[in-house]
Amino acid sequence: MAPIRVHGTPFSTAVGRVLATLYEKELEFELVAVDMKAGEHKKEPFLSINPFGQVPGFEDGDLKLFESRAITKYLAQEYADKGTQFKCGDSKTAAIIGVWMEVEAHQFDPAAAKLTWELAIKPRYGLNTDTAIVEEHEAKLAKVLDVYEIRLAQSKYLGCDCFTLADLHHLPNIQYLLGTQAKKLFDSRPHVSAWVDAITARPAWSKVLALQKQ
Amino acid sequence: MATPVKVYGPAMSTAVSRVLACLLEKNVDFQLVPVNLSKGEQKKPDFRKIQPFSQVPAFEDEGICLFESRAICRYICEKYTDKGNKGLYGTNPVARASIDQWLEAEGQSFNPPSSVLVFQLAFAPRMKIKQDQVVIKQNEEKLSKVLGIYEKRLGETRFLAGDEFSLADLSHLPNTQYLVTTSGRGELFTSRKNVGRWWNEISSRDSWKKVVDMQNKGA
Chain A
1 MAPIRVHGTP FSTAVGRVLA TLYEKELEFE LVAVDMKAGE HKKEPFLSIN PFGQVPGFED
61 GDLKLFESRA ITKYLAQEYA DKGTQFKCGD SKTAAIIGVW MEVEAHQFDP AAAKLTWELA
121 IKPRYGLNTD TAIVEEHEAK LAKVLDVYEI RLAQSKYLGC DCFTLADLHH LPNIQYLLGT
181 QAKKLFDSRP HVSAWVDAIT ARPAWSKVLA LQKQ
Chain B
215 MATPVKVYGP AMSTAVSRVL ACLLEKNVDF QLVPVNLSKG EQKKPDFRKI QPFSQVPAFE
275 DEGICLFESR AICRYICEKY TDKGNKGLYG TNPVARASID QWLEAEGQSF NPPSSVLVFQ
335 LAFAPRMKIK QDQVVIKQNE EKLSKVLGIY EKRLGETRFL AGDEFSLADL SHLPNTQYLV
395 TTSGRGELFT SRKNVGRWWN EISSRDSWKK VVDMQNKGA
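Chains A and B supply the protein sequences, listed in that same order. Using our numbering, read the first sequence as starting at 1 and increasing by one per residue. Using our numbering, read the second sequence as starting at 215 and increasing by one per residue.
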């Protein structure tokens, strides 16, 4: 049994963030299914891994963690010398990568996650899309992407000139949104569009998508 | 002596005060540079060069410009490891992972509903903006659920990430300060035994008292 276990479904954006990191770092792991329809994530023993009752839950030997962005940071630190390095340069660049990781978490994700839910997930469950929410959050996301367009004209990736967690954390929501009307927000901004193409083409990300097809 | 780091923004801003608390815990000298939010100074091109989302804080240290309060806090802890509170961001990888986990919980689960309540209950009245009771009720319910989880956790450990005060606890100080002292909804925290005990402990720290003092003086 692999010491690294991820509890959750590969369709979850938060789980996808962790899976992408594991593949980038070339780490062995076990994906443990969580029956969300049956509410398994809201009961023990899942709650002892994540008391917030959300996926992913994560284990590495005896260590238990939750919150995808804490898990990816842990993996990058603990397995620093394996697979993708997620850095390019000194501690100054590391600080700037840290800034753009927070930008994803607090500027991009609130708008993108709402749009993913309305445009990509709800239709799958036969639920009606709320067009007012879509309009509101497309406008918010557009403003964020305007900042990204300027940034990506100066820097190949968000944090620096190499692919880092600051870029990776965007993948799950971006992938969903590319299959919806929100795709236009990315396509209409040339530097953003090129960045989206580059990060979604990474082999590690394709492996996550392959898990969704199983 | 090294040039003091610069923090741009008013102390009354929750995100700015998060950074100030961290600097004071770490005994790092700083200069607070005012930004007049009511005059829209944060939207001007000069400010947007250092903070492209037109928000406070912005931060500068030896030519590095940073923004996003939690990124700034992590940077301060990593650069000034040996200053002030050395365990603030953990002294080993497992401790740090736990702190990051609860910092993310603060950012993703605690911050959204508590920020809305801080705005609606503490700032809207001052700004003569009408409060939205539906929004207040929804966010009180969300925050209650989160505090229920904290109540259980804080019965198991003294602080969120473990038995030492950390960046994860510190990150909660700004919003909670407003909710406990200004909003009239402080019982969300004080009626819960473990959360109440935790709040008393973290808000009694000298570093936080200094921040509150700065806020009261209109810094």
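Heads up, the beta-carbon is just placed ideally off N, CA and C, and yes, glycines get one too.
Member of the options whose CA lies at the smallest distance from the CA of residue i
i, options, result
"Glu-239(B)", "Lys-431(B), Gln-429(B), Trp-422(B)", "Trp-422(B)"
"Thr-180(A)", "Ala-113(A), Asp-81(A), Val-103(A), Thr-21(A)", "Ala-113(A)"
"Val-208(A)", "Trp-195(A), Pro-190(A), Leu-185(A), Leu-171(A)", "Leu-171(A)"
"Glu-135(A)", "Ala-182(A), Val-144(A), Ser-91(A), Tyr-176(A)", "Ala-182(A)"
"Pro-307(B)", "Gly-89(A), Leu-177(A), Lys-64(A), Arg-124(A)", "Lys-64(A)"
"Gly-61(A)", "Leu-75(A), Ala-198(A), His-137(A)", "Leu-75(A)"
"Thr-21(A)", "Leu-141(A), Arg-202(A), Leu-177(A), Arg-189(A)", "Arg-202(A)"
"Arg-232(B)", "Val-270(B), Thr-396(B), Thr-217(B)", "Val-270(B)"
"Pro-339(B)", "Phe-379(B), Thr-396(B), Asp-427(B)", "Thr-396(B)"
"Arg-406(B)", "Lys-359(B), Phe-379(B), Met-428(B)", "Lys-359(B)"
"Phe-324(B)", "Lys-253(B), Phe-267(B), Leu-384(B)", "Leu-384(B)"
"Ala-198(A)", "Gln-214(A), Leu-152(A), Leu-115(A), Gln-212(A)", "Leu-152(A)"
"Ile-290(B)", "Lys-220(B), Val-330(B), Arg-372(B)", "Lys-220(B)"
"Arg-284(B)", "Lys-92(A), Phe-66(A), Pro-190(A), Gly-98(A)", "Gly-98(A)"
"Lys-92(A)", "Cys-279(B), Val-249(B), Met-226(B), Val-332(B)", "Cys-279(B)"
"Met-226(B)", "Lys-257(B), Phe-333(B), Gln-352(B), Glu-401(B)", "Phe-333(B)"
"Glu-355(B)", "Val-330(B), Arg-372(B), Met-341(B), Glu-378(B)", "Val-330(B)"
"Ser-380(B)", "Gln-352(B), Glu-415(B), Gly-400(B)", "Glu-415(B)"
"Ala-111(A)", "Pro-51(A), Asn-173(A), Phe-11(A), Thr-200(A)", "Asn-173(A)"
"Leu-141(A)", "Asp-109(A), Gly-53(A), Trp-117(A)", "Asp-109(A)"
"Tyr-148(A)", "Gln-265(B), Ser-417(B), Ser-418(B)", "Gln-265(B)"
For residue j and residue i, the rounded distance between their alpha carbons
i, j, result
"Gly-277(B)", "Asn-128(A)", "50 Å"
"Pro-326(B)", "Glu-102(A)", "14 Å"
"Val-425(B)", "Ala-210(A)", "50 Å"
"Val-192(A)", "Asp-146(A)", "9 Å"
"Phe-281(B)", "Arg-367(B)", "30 Å"
"Arg-310(B)", "Leu-237(B)", "18 Å"
"Pro-273(B)", "Ala-194(A)", "Reading the sequence as shown, one finds Phe at residue 273(B) and not Pro. Rounded to the nearest angstrom, the two C-alpha atoms are 30 Å apart."
"Val-349(B)", "Ala-80(A)", "44 Å"
"Val-247(B)", "Leu-234(B)", "12 Å"
"His-137(A)", "Gln-107(A)", "11 Å"
"His-41(A)", "Ile-49(A)", "10 Å"
"Gly-432(B)", "Ile-4(A)", "50 Å"
"Thr-305(B)", "Ile-286(B)", "18 Å"
"Ile-89(A)", "Ala-229(B)", "Residue 89(A) is actually Gly in this sequence, not Ile. Using only the alpha carbons, I get a separation of about 28 Å."
"Glu-78(A)", "Tyr-303(B)", "16 Å"
"Asp-35(A)", "Phe-163(A)", "33 Å"
"Val-437(B)", "Asp-427(B)", "The requested residue 437(B) does not occur in the structure, where chain B is confined to residues 215 to 433."
"Gly-254(B)", "Leu-317(B)", "30 Å"
"Ile-96(A)", "Val-144(A)", "17 Å"
"Leu-374(B)", "Asn-430(B)", "28 Å"
"Phe-46(A)", "Val-32(A)", "11 Å"
"Lys-258(B)", "Ile-133(A)", "29 Å"
"Ser-12(A)", "Gln-245(B)", "43 Å"
"Thr-200(A)", "Leu-178(A)", "10 Å"
"Gln-214(A)", "Thr-9(A)", "11 Å"
Assigned exposure category for residue i - 16 Cβ within 10 Å defines buried
i, result
"Gly-369(B)", "exposed"
"Gln-345(B)", "exposed"
"Ile-343(B)", "exposed"
"Glu-320(B)", "buried"
"Arg-288(B)", "buried"
"Tyr-176(A)", "buried"
"Asp-295(B)", "According to the sequence shown, residue 295(B) is Thr rather than Asp. Exposed, since its Cβ has fewer than 16 Cβ neighbours within 10 Å."
"Gly-223(B)", "buried"
"Asn-299(B)", "buried"
"Thr-131(A)", "exposed"
Same chain, Cβ closer than 6 Å to residue i, five either side skipped, listed in chain order
i, result
"Ser-328(B)", "Leu-357, Asn-389"
"Tyr-23(A)", "Ala-204, Lys-207"
"His-169(A)", "Arg-17, Glu-104"
"Phe-186(A)", "Val-192, Ser-193, Val-196"
"Trp-100(A)", "Leu-158, Gly-159, Ala-166"
"His-386(B)", "Glu-320"
"Asp-243(B)", "Pro-218"
Any C-beta of chain C under 9 Å from that of residue i
i, result
"Lys-293(B)", "Chain labels in this structure do not include chain C; the protein chains are A and B."
Closer than 8 Å: residue i CB and nearest the ligand NAD heavy atom
i, result
"Gln-85(A)", "Inclusion of the ligand NAD in the displayed structure is not the case, the ligand content being empty and no account of it being possible."
Close Cβ partners of residue i (< 7 Å) along its chain, the five nearest in sequence each way excluded
i, result
"Val-18(A)", "Val-6, Pro-56, Phe-58, Ser-68, Ile-71, Thr-72"
"Ser-155(A)", "Asp-161"
"Lys-82(A)", "Lys-25, Glu-26, Leu-27"
"Gly-398(B)", "Leu-335"
"Val-409(B)", "Leu-361, Tyr-364, Glu-365, Leu-368, Phe-403"
Beta-carbon contacts of residue i that lie in its chain and below 8 Å, excluding the five residues immediately before and after
i, result
"Ala-94(A)", "Lys-87"
"Arg-411(B)", "Leu-368"
Can you check the region 179-209 of chain A for any beta strand (DSSP E) of at least 3 residues that lies completely inside it and give the ranges in chain order? none
At 4 residues or longer, what runs of the alpha helix (DSSP H) sit wholly inside the region 227-281 of chain B? Entirely contained in the region 227-281 of chain B, the alpha helix (DSSP H) runs reaching 4 residues are, in chain order, 228-239, 259-262.
Curious, which full-length alpha helix (DSSP H) runs of at least 4 residues does the region 10-53 of chain A contain? You should have 13-24.
Scan the region 394-428 of chain B and note each continuous alpha helix (DSSP H) run of 4 residues or more that stays entirely inside, going in chain order. 401-404, 407-417
Which runs of the alpha helix (DSSP H) fall wholly inside the region 287-336 of chain B and span at least 4 residues, in chain order? 307-319, 325-331
Which ranges does the beta strand (DSSP E) cover as unbroken runs of at least 3 residues, wholly within the region 47-121 of chain A, from first to last along the chain? Entirely contained in the region 47-121 of chain A, the beta strand (DSSP E) runs reaching 3 residues are, in chain order, 57-60, 63-66.
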